[in-house]
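First residue of the sequence shown? That's 9 in this note's numbering, and the numbers climb one at a time after it. Okay, structure first, notes after.
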Amino acid sequence: CPVPVPQIMYMRLVSLNFCKCLKLCILLHVCISHGVCCLGNRRVVYHMEEGEGLPDGMTIDAIGHLWVACYNGGRVIRIDPTTGKRLQTVSLPVMKTTSCCFGGPDYSDLYVTSASLGLSEAERSQQPLSGNIFRVKGLGVKGQSSHSFSG
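What follows is the structure in structure tokens.
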């Protein structure tokens, strides 16, 4: 398998989304063969900007836009994987955002998890909500229900 280039997101048109952080790298839509990651037909989806943090957990909304929790960035960003443009930024009162997913009765709420592990006492006092789960409403977009694996 080729080694991914740091600070670049890749996209391959298959149904599995996978995040592997190598500095500021996000790998999308990769083939998994017997647990081994193999990338083919790669293309850059998005270049992480300095200060955005490290890409961590992701979800996709109902129209196919990618939402990425930015660890040590205090935000979730919404990316159009077709154009590679950042469409939206959701800032949170904590730096260590870890993952995100849509929920609620109509999947219009974005839930964001965060971590507190590794924070100094000073950081804990500045970010007392670290380690909590946040619900973000009013984004104007919806997620979609998950698909259960039947095998």
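Backbone N, C-alpha and C define an ideal beta-carbon position, used for all residues, glycine too.
| Asked | Found |
| --- | --- |
| Roughly how many angstroms lie between the CA atoms of cysteine 109 and serine 158, to the nearest whole one? | 21 Å |
| Pick out the complete beta strand (DSSP E) segments inside the region 54–119, 3 residues or longer, and give them in chain order. | 62–68, 74–79, 83–88, 93–99 and 105–111 |
| To the nearest angstrom, report how far apart valine 149 and glutamine 96 are at their CA atoms. | 11 Å |
| Taking C-alpha atoms, which residue in Tyr54, Cys78, Ile71 and Ala70 lies nearest to aspartate 64? | Cys78 |
| Rounding to the nearest angstrom, what Cα-Cα distance links glycine 43 and aspartate 114 in this structure? | Any reading at glycine 43 must be qualified, since the residue scores a pLDDT of 41, below 50, and its modelled position is unreliable; no value is offered. |
| Buried or exposed: where does arginine 143 fall if 16 or more other Cβ atoms within 10 Å of its Cβ makes it buried? | exposed |
| Between which two residues does the alpha helix (DSSP H) harbouring glutamine 134 extend? | 129–134 |
| Let me know the secondary structure DSSP gives valine 144 once reduced to three states. | strand |
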